[in-house]
Amino acid sequence: MSLGQHLVELRRRFVIAAIALVVGMVIAFFLTDWIIWAMTEPIRIVAERRGEDPAAIVRLMYSTITGPFDMRLRISFVVGIILSAPVWIWQLWAFLMPGLTRKEIRYTVGFVCAAVPLFFAGCFVGWLIMPHIVEIMASFSAEGAANMYEAKYYYDFVFKLVLVVGVSFVLPVFLVALNLAGIMSGKAILKGWRVAILITVVFAGLATPAADIVSMLLLAGILIVLFFAAAGLSMLFDRRRAKRDAAAGLAPADAPTETPKAGA
Numbered sequence: 388m389s390l391g392q393h394l395v396e397l398r399r400r401f402v403i404a405a406i407a408l409v410v411g412m413v414i415a416f417f418l419t420d421w422i423i424w425a426m427t428e429p430i431r432i433v434a435e436r437r438g439e440d441p442a443a444i445v446r447l448m449y450s451t452i453t454g455p456f457d458m459r460l461r462i463s464f465v466v467g468i469i470l471s472a473p474v475w476i477w478q479l480w481a482f483l484m485p486g487l488t489r490k491e492i493r494y495t496v497g498f499v500c501a502a503v504p505l506f507f508a509g510c511f512v513g514w515l516i517m518p519h520i521v522e523i524m525a526s527f528s529a530e531g532a533a534n535m536y537e538a539k540y541y542y543d544f545v546f547k548l549v550l551v552v553g554v555s556f557v558l559p560v561f562l563v564a565l566n567l568a569g570i571m572s573g574k575a576i577l578k579g580w581r582v583a584i585l586i587t588v589v590f591a592g593l594a595t596p597a598a599d600i601v602s603m604l605l606l607a608g609i610l611i612v613l614f615f616a617a618a619g620l621s622m623l624f625d626r627r628r629a630k631r632d633a634a635a636g637l638a639p640a641d642a643p644t645e646t647p648k649a650g651a
């Protein structure tokens, strides 16, 4: 295909993905009531544990006239991306697949099959951590104080936390991908375990409040386990590759051959 044909094909794939996103946003818009209710559940839990009326003491606050609609639109966009993921991922895959070799296609399928479940697992862990963070932060409120959460800020806090933790779960898959590409060996990955643990603890500390030690240790522990699992899997791939290379090198094509002696 020429460059112009590639651009036409890319535009067609993009239009299909955009239509799927719009359809997903329309479906998600009708689910925003339930999503907002689920997002604000930690607020009600905090109020009930403090023996207060959730409707009077802890609530979301909109600072602008268009705030409620803007929040629903933001939620619809994010959820629409998730709902339409099978379509736009397939469109991206269908656009790239003709240019990939059979081996690259196999690696890409394996990468997607590993990354997608890990991403959703990370989002789930972030969702589990989120109520605990809200509760910890609300415990610092003064006696008789009312916690009025600005809706836009609360939305950004929830979704950014969930997405950051979800993406962090996918990072070990990138290490394995680098190993399969021959960029990093398993021993090289394992050799950097001290730096990896330091970065993981710092990331967990930034992703969770400093006062929430339990959530920080939980998140850091899961990421460390995933790192060592990626290093172990990479070392296994290196061993299989070494055995395959050794077997292929028993009779290399460029090896000098001995000519039989006369009379042998």
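In this text, residue positions in the sequence shown follow the working numbering: the first is 388, and each later residue adds one.
No residue lacks a Cβ here, since even glycine has one placed at the ideal position from N, Cα and C.
Just so you know, these numbers come straight off a predicted model, no measurement behind them.
{"Check": "Inter-residue spacing [alpha-carbon to alpha-carbon] between PHE417 and PHE456", "Outcome": "12 Å"}
{"Check": "Proximity below 8 Å, CB of ASN566 to CB of SER621", "Outcome": "yes"}
{"Check": "Alpha carbon of VAL552 to alpha carbon of GLY497, nearest angstrom", "Outcome": "21 Å"}
{"Check": "Alpha helix (DSSP H) segments (min. 4 residues) lying fully within the region 461-540", "Outcome": "472-483 and 489-525"}
{"Check": "Selected residue, minimal CA-CA separation from ARG626, among ALA607, LEU604, GLY573 and TYR494", "Outcome": "GLY573"}
{"Check": "Straight-line gap, PHE544 to ALA538 (C-alpha atoms, nearest Å)", "Outcome": "10 Å"}
{"Check": "Exposed unless 16 or more other CB atoms sit within 10 angstroms - verdict on MET535", "Outcome": "exposed"}
{"Check": "Beta-carbon proximity of ARG461 to TYR542, cut-off 8 Å", "Outcome": "yes"}
{"Check": "Touching by the beta-carbon criterion (3+ pairs, under 8 Å), the region 516-525 and the region 553-561", "Outcome": "no"}
{"Check": "Validate contact between the region 461-476 and the region 414-432 using beta carbons, cut 8 Å, 3 pairs", "Outcome": "yes"}
{"Check": "8 Å Cβ cutoff met for LEU562 and ALA617", "Outcome": "yes"}
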